[in-house]
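Here's the structure we're looking at; comments come further down.
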Amino acid sequence: MKQNNTTKLVFVLAFLALSLYYLQFTVRNVLQNRHIDSLEGQAKTDYINTNFESITSLRERTLNLGLDLQGGMHVALEIRTPQLLVDLANEGVDSLLTSSVAAADAASVENNTDIVDEFLAEFERRDPEARLSRYYRNDGLNITRRSTNAEIRDYLKSQRDGAIDRAIEIVRTRVDRFGVTEPSIVKQGANRIIVELPGVDDESRVRNLLRGAARLEFHLTADQTEMTTSLNRVITFYNNKENADRALSGVAIAEAESDSSMASEGLSSDSVASDTTAATPNAATNPLIQIVLPTNDGVSIGTVAGRDTATVNRLFAYPAVRAMLPRDTKLLWTAKPVFTDESGMGFYNLLPVRAQAELTGETITEARPDFDPFTNAPQVSMKMNADGSRIWSRVTGANIGKPIAIVLDNLVYTYPNVISKISDGNSSITGVGSLTEAEDLVNILMSGALPAPLDIVEERTVGPTLGATSIQQGFLSVVLGLALVAFFMFLYYRVSGLFAVIALLLNIVLLLGIMAAFRATLTLPGIAGIVLTIGMAVDANVLIFERIREELDSGKSFRAAVEAGFANALSAILDSNITTFLTGAILYSFGVGPIKGFAVTLMAGIVSSLFTALIVTRLLFDTFTRKKAISLG
Amino acid sequence: MRIFKKTNFDFIAGRKIAYIVSAGLVLVSLAVILLRGISYGIDFKGGQEFVLEFPTAANVSETRAILTNALGTQPEVKQFGLAQDLLIRTDASGDPEQIVNASISALTEADPNNVPVVIKSDTVGPRFAEDLKRGALYSVISALVVIFLYILVRFKNWTFSLGAIAALAHDVIVTLGILTIANKLLPFSMDIDQNMIAAFLTIVGYSLNDTVVIFDRIRENKTVHKGSPFKEVVNRSVNDTLSRTVITTGTTLFVVIVLFIFGGEVLKGFAFALLVGMILGTYSSVWVASSIVVDLQKKFNISK
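The listed protein sequences correspond, in order, to chains A and B. Note that the first sequence covers residues 1 to 633 in the working numbering. Note that the second sequence covers residues 634 to 937 in the working numbering.
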């Protein structure tokens with residue numbers, strides 16, 4: 001018995017020492033940060049520079065705080081696999097392929113399945129004879145005309161996996177260049193990337209930085225006359241209210257594409273607004289006339305308020321309308337509002353361009369932020385390689401006096417008229433808002449093009465003040481909860497209750513120690529988990545004490561009652577804790593972010609409260625009741 | 634100090650009352666849920682919400698009117714803790730960033746002396762919300778399955794599993810019903826989001842904890858009091874553990890109330906759900922779960 005207790009004591013002390021060891025980093029880090037904050041100007045910089053290593057090593061070993069506590073930005077990005085599937089096809093993209101991809105996209109969301117599998121199923125359902133190899137032939141990768149559909153499916157999957165890995169690398173490069181302390185970038189599932197950026201306060205910059213695919217393209221604008229004719233037909237079509245209603249109600253595909261960068265492929269259409277009167281529009285009901293303001297730059301279809309761009313996309317994506325537009329054109333929005341009304345709503349131009357890009361960003365060898373020599377406006381200056389320069393020289397030479405749209409990620413930054421032939425391979429993106437934005441664009445361009453666009457599917461931002469408030473409130477709750485429970489336990493069980501309180505305090509130290517040792521993240525729901533643990537941790541003690549009381553009632557001696565109490569309560573304690581632990585584990589495996597934090601503290605709390613109740617309380621009982629009985633209240 | 638010295642309530646004889654009360658609660662809750670519909674938060678519905686902090690207190694209905702005008706659709710506006718913090722939830726379509734900017738500029742125009750800043754913002758795409766919802770559903774279902782199996786293995790009798798699961802289902806449904814009603818009456822959000830799923834699973838874990846302790850005692854008493862009818866064994870077990878059940882519920886409720894009052898706005902709905910669920914869970918563990926076991930064993934003539 002005595003031997004046994006010595007072992008227990010050694011165990012308890014060892015765990016306690018270990019917990020304190022892991023926790024001291026956090027305490028030192030807090031103190032150090034406080035010290036740094038108290039310093040001013042030069043002294044601060046000097047201190048940080050001289051102690052850089054120790055600061056970093058402390059920070060790395062401190063208890064992690066979730067974004068909801070320290071403030072920051074959480075973004076879930078999804079790679080646009082449907083577009084990847086179309087882009088990978090190198091020849092003869094037809095409606096069979098695009099419609100299969102669109103249907104597969106919808107089905108994969110519906111059934112929670114891999115879009116590539118759905119794609120194959122949809123494709124074969126549409127035409128059992130058709131072979132995917134006719135689109136995806138790639139001799140370099142051993143995909144020949146004879147490759148089976150199953151082989152192509154595996155090829156597409158590996159391409160998709162490669163694409164997401166590449167995307168992660170590119171996002172990492174961009175975030176590193178942006179300069180965030182301790183960013184976290186991880187893959188989730190087959191097609192998502194979770195980016196956590198503590199302390200970020202400029203959300204819109206980060207947003208653009210993350211989702212920019214960096215597909216730079218130079219497009220000629222669509223033929224003016226042809227466009228006007230088509231557009232008039234479209235307007236006439238929408239004079240009929242029924243047509244408009246139908247276009248606006250359905251077309252799920254168009255909606256899915258319209259989230260961030262509105263114009264997508266296949267959305268071919270024409271230049272619209274220049275001569276709207278010819279079609280005698282019914283302005284009262286025609287949705288296009290209602291929301292598209294005419295422009296007179298000779299190129300744009302019209303100007304549309306930011307909130308209406310999605311509607312316009314839908315109107316032009318309607319199959320019947322698509323068919324009215326010239327085949328080889330697509331409609332793109334300007335990246336920046338052309339003007340902003342007094343309520344802050346931005347207005348964007350809709351621009352018809354030739355679907356085929358004359359030149360792409362792959363030829364760009366150098367990009368740097370710069371200022372326009374005449375207007376002093378910020379811009380990005382770029383240099384092309386020899387191939388690019390040759391094509392650029394030909395294109396500009398052949399289109400003097402005509403506009404060329406410079407398109408980044410399907411958004412038109414600028415569409416200047418070509419003044420003269422450019423033969424030195426220089427070009428620039430103007431129409432950039434600020435020097436910072438020019439720097440970010442350079443970052444995006446130089447960290448490489450994403451294999452497919454990334455869409456932001458979830459974004460959560462917490463400001464630093466709210467985070468600090470949450471920490472205070474959480475801390476207060478923990479302290480108050482602890483005080484209340486301790487007071488009650490002492491009141492109800494007296495000396496034994498005091499044992500339980502000691503066990504409880506130790507429990508919290510161990511719980512935090514476990515979390516620090518495993519570098520788990522403490523979130524606001526996690527703090528709630530700690531508070532709950534305080535309430536539930538005494539349960540094991542309550543079970544034991546109640547059992548001892550019963551044993552005493554049945555006439556046992558104090559020692560025997562304690563012995564029997566611990567022994568008989570054990571199975572109930574184990575069963576009830578294991579079931580709660582299992583729910584915690586399930587929560588952990590399905591939950592995300594802050595909820596995972598809750599599950600972690602719940603599970604860690606169960607482990608530490610089992611340990612403290614069964615070992616620590618027992619040890620206290622054995623030590624203090626060897627000679628005399630103690631009060632159970 | 635002792636609240637219960639040695640109780641001998643006849644819970645099992647009075648189980649009809651428990652059945653009537655519980656069946657009534659469940660039916661009313663289901664009716665409320667079906668009629669009102671579950672109010673999902675943006676986690677499961679998709680959409681955008683953000684918290685604006687004003688320098689001085691802002692008027693909820695005025696803000697709502699200004700934003701309805703600016704966004705073209707009526708947003709949900711609620712106070713977020715302090716009088717100068719407002720939670721705005723909108724399903725306006727368009728770029729999230731533009732919606733926030735348009736809101737702030739409209740409010741700035743309305744009162745240039747009270748310009749808000751964004752202190753929290755969440756945007757969840759519809760597809761992502763779909764995935765989160767699926768994840769939540771899976772977690773609840775797998776929790777129930779795992780619990781059923783664990784109890785089956787530990788107590789070697791399916792009636793215990795069924796009794797526990799029925800009590801859990803009861804707790805979850807009635808809590809959901811109460812939240813649905815209270816959501817309209819109380820000034821903080823109780824929409825079903827990820828935090829709420831965590832709350833529900835905690836309720837499940839907690840309620841189960843109580844139930845298992847009682848079942849464990851039944852198992853023990855069956856061997857101690859071999860001759861007694863099963864009904865009496867169950868009743869004795871519920872009474873034996875009653876004191877512990879009440880004390881543990883008490884300490885847990887203390888901390889949940891602390892969380893509710895001091896834990897901040899983000900945790901308000903979560904703590905409220907826990908509060909309701911734990912009270913229900915205690916009641917159902919004591920009175921519903923064991924009663925069901927008694928009736929099931931009687932009905933299927935399980936002698937052991």
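Each residue gets a CB set at the ideal place from its N, CA and C atoms; glycine is no exception.
Per the C-alpha coordinates, the member of B:Asp-873, B:Phe-848 and B:Val-750 positioned closest to Leu-719 of chain B is B:Val-750. Chain B places no beta carbon closer than 7 Å to that of Tyr-413 of chain A, leaving this residue out of the contacts. Between Lys-931 of chain B and the set B:Glu-730, B:Gly-657 and B:Lys-864, the nearest pair of CA atoms involves B:Lys-864. In the structure shown, Lys-402 of chain A falls within a coil segment according to DSSP collapsed to helix, strand and coil.
With its beta carbon at least 7 Å from every one in chain B, Gln-32 of chain A lies outside the interface. Within the same chain, Cβ atoms closer than 8 Å to the Cβ of Ile-143 of chain A are found at Ser-133, Tyr-136, Arg-137, Glu-151, Ile-152 and Tyr-155, the five residues on either side in sequence being excluded.
Counting only Cβ-Cβ distances below 7 Å, Thr-461 of chain A has contacts in chain B at Lys-753 and Ser-754, in chain order.
Selection B:Lys-753, B:Arg-669 and B:Asn-692 evaluated against Leu-685 of chain B yields B:Lys-753 as nearest (Cα-Cα).
Taking all protein chains in view, the Cβ of Lys-596 of chain A is crowded by 16 or more other Cβ atoms within 10 Å, so the residue is classified as buried.
Chain B has no Cβ within less than 7 Å of the Cβ of Ile-194 of chain A. By the beta-carbon neighbour count (other beta carbons within 10 angstroms, threshold 16), Pro-319 of chain A is exposed.
For Ile-115 of chain A, no beta strand (DSSP E) segment is defined; the enclosing uninterrupted segment is the alpha helix (DSSP H) at 115 to 126. Secondary-structure assignment with DSSP links Leu-197 of chain A through a beta bridge to A:Met-73. When the beta-carbon positions are compared, Ala-213 of chain A and Leu-359 of chain A stay at least 7 Å from each other.
Out of A:Leu-65, A:Asn-29, A:Asp-37 and A:Lys-8, the CA that lies nearest to the CA of Ala-468 of chain A is found in A:Leu-65.
Within the DSSP bridge table, the entry for Ile-185 of chain A names A:Val-195 as partners.
Contact between the stretch 620 to 630 of chain A and the stretch 552 to 566 of chain A is present, with at least three C-beta pairs closer than 8 Å. With respect to Thr-884 of chain B, Asp-843 of chain B sits apart: the two C-beta atoms are not nearer than 7 Å. If you look at Gly-425 of chain A, you'll find it isn't in any alpha helix (DSSP H); DSSP assigns it neither H nor E. Contiguous alpha helix (DSSP H) elements confined to the stretch 436 to 512 of chain A do not occur, taking only those with 4 or more residues.
With a contact defined as Cβ atoms closer than 8 Å, Val-773 of chain B and Leu-834 of chain B qualify at about 7 Å. In the structure shown, Tyr-47 of chain A adopts helical secondary structure according to DSSP, grouped into three states. Following the DSSP letters along the chain, one finds Thr-285 of chain A in no alpha helix (DSSP H), marked with neither H nor E. Counting C-beta pairs closer than 8 Å gives fewer than three between the stretch 358 to 374 of chain A and the stretch 337 to 347 of chain A, which falls short of the contact rule. Considering only beta carbons, the part of the stretch 770 to 794 of chain B lying closer than 7 Å to chain A consists of Tyr-771, Ser-772, Ser-775, Ala-776, Val-779, Ile-780, Tyr-783 and Arg-787, in chain order. In the DSSP assignment, Gln-681 of chain B falls within the unbroken beta strand (DSSP E) covering 680 to 686.
Following the DSSP letters along the chain, one finds Ala-106 of chain A inside the alpha helix (DSSP H) bounded by residues 95 to 111.
Using beta-carbon distances, Thr-884 of chain B counts as an interface residue toward chain A, with a partner under 7 Å. At the C-beta level, Ile-289 of chain A and Val-304 of chain A stay beyond 7 Å of one another. Between the alpha carbons of Pro-326 of chain A and Thr-229 of chain A lies a distance of about 10 Å. Going by C-alpha positions, Val-616 of chain A is about 15 Å away from Gly-565 of chain A. Of the candidates A:Phe-488, A:Lys-383, A:Arg-174 and A:Asp-409, the residue whose Cα lies closest to the Cα of Thr-363 of chain A is A:Lys-383. Runs of the beta strand (DSSP E) lying entirely within the stretch 544 to 589 of chain A, each at least 3 residues long, are absent.
Residues of the same chain with a CB within less than 6 Å of the CB of Leu-602 of chain A, apart from the 5 flanking positions on each side, are Gly-529 and Gly-584 in chain order. DSSP, read as helix, strand or coil, puts Pro-294 of chain A in coil. In summary, the residues of the stretch 584 to 618 of chain A whose CB is separated from some CB of chain B by less than 9 Å are Gly-584, Ala-585, Ile-586, Leu-587, Ser-589, Phe-590, Gly-591, Val-592, Gly-593, Pro-594, Ile-595, Phe-598, Ala-599 and Leu-602, in the order they occur in the chain.
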